[in-house]
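Protein chains in written order, with this note's numbering: chain A, -18 to 367; chain B, -18 to 367.
We put the CB at the ideal spot given by N, CA and C, even for glycine.
Shown next, in structure tokens, is the structure this report addresses.
2 protein chains.
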Amino acid sequence: MSSQTPVPAGFRGVAGNIGIKDPKDDFFAVVSEVPANVSAVFTRSRFAGPSVLLSRRTAADGRARGVTVIARNANVATGRVGDDHARELQEGVARAAGVAPEEILVASTGVIGRPYPMEKVRAHLEGLPAEFPPADLDRAAGAMMTTDTHPKAASARVGGATVTGIAKGVGMIEPNMATMLAWFFTDAELEQPVLDEVFRRVVDRTFNALSIDTDTSTSDSAAVFANGLAGPVDTAAFEAALYEVALKLVRMIASDGEGAGKLLEVRVTGARDDAQAKVVAKAVVNSPLVKTAVHGADPNWGRVAMAVGKCEEETDILPENVRIVFGDVETYPAEPSDEVLERASQHMKGDEVLIGVDLGIGGGEFTAYGCDLTEGYIRINADYTT
Amino acid sequence: MSSQTPVPAGFRGVAGNIGIKDPKDDFFAVVSEVPANVSAVFTRSRFAGPSVLLSRRTAADGRARGVTVIARNANVATGRVGDDHARELQEGVARAAGVAPEEILVASTGVIGRPYPMEKVRAHLEGLPAEFPPADLDRAAGAMMTTDTHPKAASARVGGATVTGIAKGVGMIEPNMATMLAWFFTDAELEQPVLDEVFRRVVDRTFNALSIDTDTSTSDSAAVFANGLAGPVDTAAFEAALYEVALKLVRMIASDGEGAGKLLEVRVTGARDDAQAKVVAKAVVNSPLVKTAVHGADPNWGRVAMAVGKCEEETDILPENVRIVFGDVETYPAEPSDEVLERASQHMKGDEVLIGVDLGIGGGEFTAYGCDLTEGYIRINADYTT
Chain A
-18 MSSQTPVPAG FRGVAGNIGI KDPKDDFFAV VSEVPANVSA VFTRSRFAGP SVLLSRRTAA
42 DGRARGVTVI ARNANVATGR VGDDHARELQ EGVARAAGVA PEEILVASTG VIGRPYPMEK
102 VRAHLEGLPA EFPPADLDRA AGAMMTTDTH PKAASARVGG ATVTGIAKGV GMIEPNMATM
162 LAWFFTDAEL EQPVLDEVFR RVVDRTFNAL SIDTDTSTSD SAAVFANGLA GPVDTAAFEA
222 ALYEVALKLV RMIASDGEGA GKLLEVRVTG ARDDAQAKVV AKAVVNSPLV KTAVHGADPN
282 WGRVAMAVGK CEEETDILPE NVRIVFGDVE TYPAEPSDEV LERASQHMKG DEVLIGVDLG
342 IGGGEFTAYG CDLTEGYIRI NADYTT
Chain B
-18 MSSQTPVPAG FRGVAGNIGI KDPKDDFFAV VSEVPANVSA VFTRSRFAGP SVLLSRRTAA
42 DGRARGVTVI ARNANVATGR VGDDHARELQ EGVARAAGVA PEEILVASTG VIGRPYPMEK
102 VRAHLEGLPA EFPPADLDRA AGAMMTTDTH PKAASARVGG ATVTGIAKGV GMIEPNMATM
162 LAWFFTDAEL EQPVLDEVFR RVVDRTFNAL SIDTDTSTSD SAAVFANGLA GPVDTAAFEA
222 ALYEVALKLV RMIASDGEGA GKLLEVRVTG ARDDAQAKVV AKAVVNSPLV KTAVHGADPN
282 WGRVAMAVGK CEEETDILPE NVRIVFGDVE TYPAEPSDEV LERASQHMKG DEVLIGVDLG
342 IGGGEFTAYG CDLTEGYIRI NADYTT
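Spelled out as structure tokens, the structure:
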């Protein structure tokens, strides 16, 4: 295996086709040669699947070498047998890699309500090589894809170390639920509590700032594995590198949202605090009326004002203090001329649309990422027939 | 004026064309001959317009005779001049009707960010008849319409009294924001505190259970006027009649949602309490993935489970206790056969789709009303270009 995207030292892996549904890759495992620290976050859904429940327990001690993913079957709502299958997958990959089961996270994405075809899964696990070759993270990214239109990988250097992330997610999958999976591998050396703190801060500003359609998957998972082979790094530099990689992946996911034609970035500034900025940014990025206006390249600032207005608990937001821009074109509070609206519309015809909202209260800020809402989203999600 | 929908005793009114935008009716006023009790509720938007702010003050003392509405201009985000115009409208209608300004609520719906064409408004107010004829509530309902495809009116009898409601609302308006307006008139006699309590309870179970697209207008308003001319009525019977009328209007609004092809009713039972049932019902009725599945007549119970799972604070919801039905066809927890899915899909091909979710916890319940999400919604909301 050879990976265009840089692979941190010591990560080995396999990818291939189990035959869950079709002949495309639907399986991978990436495992560190040496023990590694892990930090992981998972969906908070009340319907979280067996893979999430098992991985949550596995990551709880802060130590894990890697992850295995099966695509095209989510192993969700499969009852007791689903728990057994998740554990069997974990054990099979661990055995092949020569590590303990408690060192491998598992994740699944695809149709729900159907058990894994376990005979095929077992046959595939038994055929894995005795020693895993160096990981091909591009192929791993491809093996997770469902309705993604392209694999998503990004990488950055920090001191002598590398941070590489791969992700998948589009809004839902054939024919059921959205799943966002994101895995980060690094040879940087970090204490687990530090890794955990950094990862959660980065996730809050990246994956938790992403919304395709407000629907939350039962399988969302993200983790970073740090095996330390490149030695210690500056924590702040590592956080910056991890943030850069995560943000690239989030932007890739947003642009590749189901039916999406544009990346939508909503930047809220001047808030009382960052938490208030996040509430407002999410209200705007999730508003169907804002999202359809973005689709139509319509600088409809009234809809942005409406979405801000929905944050009814935020009683310190006063309409007279709010500013709304599209790109760098201000459309509120001064009534915009036709010429101004035309410039705003030009900005919105691009692939990346920025809506800025300044609340005029304090120094809090937050940026949320999403996409436009198009006929394509409806077609992808309505046309499946059982 | 003559109204097919029954008009309670003592309500007089006018409707006509100011010429805000086109020659269709865009104005009405309905006023009780005698003083009346009022209960009113308004949008909680931080961007609430001058009409809402003025009407909120006007209704605060529990006394008002009626309401006037201008359509095709929302008088929102119009600054100080918008406040003046709302007051001038209130005073003009009050003068024509021979009552005090503090007895008339005002409401507006339409494009935002543009002042009323006040010369036309003044000319129209000056031309109003010296004595208003009996109200034509069908014509009043029509005069409020924006992208509504038909006027919405309903009526019920309670003892010797009549309760009639009119409403408008589709999800948004040309080209800006959703506005839901609903007005109820009755000749029943009720103490104002009783009227208020009853109205708020009814609104909670009807208009607050309605969601077309999660976006909240800056102008939503609803009020009931009770002039007492038919004498006292049994409070419980009045509440039942008011609920019946309000529910009919809500179902009309949901079926007439922008681009909607179907009414979606989400009935949650077995909740810890009614509040929990409401949280879950709203999560399901608002899920874009559920709404597109309804559009496609796809009994995709996995998406319903996902939407229930999103209520992550509700930690007493356990997947193994949940039941999901489409119409009367159960699809979860037992894995549905093809024959069962086919029956569920048949139900979903009708004009009214019922999704039932039983949480298996307690006796709480709530029903939410919405509609499917279609290409039509995208077209209506994206194709406007400034």
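Where residue i sits in the DSSP three-state scheme
i, result
"residue 216 of chain A", "helix"
"residue 350 of chain A", "strand"
"residue 281 of chain B", "coil"
"residue 311 of chain B", "strand"
"residue 114 of chain B", "coil"
"residue 32 of chain A", "helix"
"residue 336 of chain B", "strand"
"residue 18 of chain B", "strand"
"residue 246 of chain B", "strand"
"residue 261 of chain B", "helix"
"residue 370 of chain A", "Nothing can be reported for residue 370 of chain A, as the shown portion of chain A is limited to -18 through 367."
"residue 209 of chain A", "coil"
"residue 202 of chain B", "strand"
Sequence-distant residues of the same chain with beta carbon closer than 6 angstroms to residue i, five excluded per side
i, result
"residue 345 of chain B", "252, 253, 254, 255, 257, 258"
"residue 4 of chain A", "-2"
"residue 278 of chain B", "326, 329, 330"
"residue 58 of chain A", "93, 94"
"residue 264 of chain A", "288, 291, 292"
"residue 274 of chain B", "281, 284"
"residue 339 of chain A", "250, 251, 304"
"residue 225 of chain A", "137"
Distance between residue j and residue i (C-alpha atoms, nearest Å)
i, j, result
"residue 321 of chain B", "residue 310 of chain B", "7 angstroms"
"residue 286 of chain B", "residue 327 of chain B", "20 angstroms"
"residue 91 of chain B", "residue 70 of chain A", "58 angstroms"
"residue 83 of chain A", "residue 205 of chain A", "16 angstroms"
"residue 280 of chain A", "residue 192 of chain B", "25 angstroms"
"residue 262 of chain A", "residue 297 of chain A", "16 angstroms"
"residue 141 of chain B", "residue 7 of chain B", "33 angstroms"
"residue 307 of chain A", "residue 218 of chain B", "53 angstroms"
"residue 409 of chain B", "residue 352 of chain B", "Nothing can be reported for residue 409 of chain B, as the shown portion of chain B is limited to -18 through 367."
"residue 185 of chain B", "residue 106 of chain A", "55 angstroms"
"residue 123 of chain A", "residue 85 of chain A", "20 angstroms"
"residue -4 of chain B", "residue 121 of chain B", "6 angstroms"
"residue 233 of chain A", "residue 150 of chain A", "9 angstroms"
"residue 223 of chain B", "residue 318 of chain A", "46 angstroms"
"residue 174 of chain A", "residue 211 of chain A", "19 angstroms"
"residue 202 of chain B", "residue 94 of chain B", "19 angstroms"
"residue 41 of chain B", "residue 56 of chain B", "21 angstroms"
"residue 292 of chain A", "residue 213 of chain A", "44 angstroms"
"residue 108 of chain B", "residue 129 of chain B", "28 angstroms"
"residue 182 of chain B", "residue 235 of chain A", "41 angstroms"
"residue 43 of chain A", "residue 166 of chain A", "14 angstroms"
"residue 221 of chain A", "residue 334 of chain A", "24 angstroms"
"residue 271 of chain B", "residue 1 of chain B", "38 angstroms"
"residue 156 of chain A", "residue 269 of chain A", "Reliability fails at residue 156 of chain A, whose pLDDT of 37 lies under 50, so the model's placement of it is uncertain and no value is given."
"residue 323 of chain A", "residue 314 of chain A", "17 angstroms"
"residue 29 of chain A", "residue 363 of chain B", "35 angstroms"
"residue 415 of chain B", "residue 163 of chain B", "No information on residue 415 of chain B is available, as it lies outside the stretch -18 to 367 that chain B covers here."
"residue 361 of chain A", "residue 332 of chain A", "21 angstroms"
"residue 302 of chain B", "residue 60 of chain B", "53 angstroms"
Proximal residues to residue i (C-beta, below 8 angstroms), its chain only, five neighbours per side dropped
i, result
"residue 81 of chain B", "75"
"residue 209 of chain A", "15, 17, 18, 168, 169, 170, 171"
"residue 9 of chain A", "-6, -5, -4, -3, 49, 50, 120, 121, 124, 125"
"residue 299 of chain B", "341"
"residue 356 of chain B", "240"
Anticipated Cβ contact below 8 angstroms, residue i with residue j, distance rounded
i, j, result
"residue 136 of chain A", "residue 88 of chain A", "Not really, about 21 angstroms apart at Cβ, beyond 8 angstroms."
"residue -16 of chain A", "residue 116 of chain A", "7 angstroms"
"residue 188 of chain A", "residue 161 of chain A", "7 angstroms"
"residue 247 of chain A", "residue 312 of chain A", "Actually they do not touch by this definition, with Cβ atoms about 14 angstroms apart."
Beta-carbon contacts of residue i that lie in its chain and below 7 angstroms, excluding the five residues immediately before and after
i, result
"residue -13 of chain B", "136, 143, 145"
"residue 112 of chain A", "none"
Are the region 72 to 83 of chain B and the region 17 to 27 of chain B in contact at 8 angstroms, needing three or more beta carbon pairs? no
The region 93 to 101 of chain B contacting the region 54 to 68 of chain B, beta-carbon criterion three pairs below 8 angstroms: yes
Count Cβ pairs between the region 227 to 236 of chain A and the region 124 to 136 of chain A that sit closer than 8 angstroms; are there 3 or more? yes
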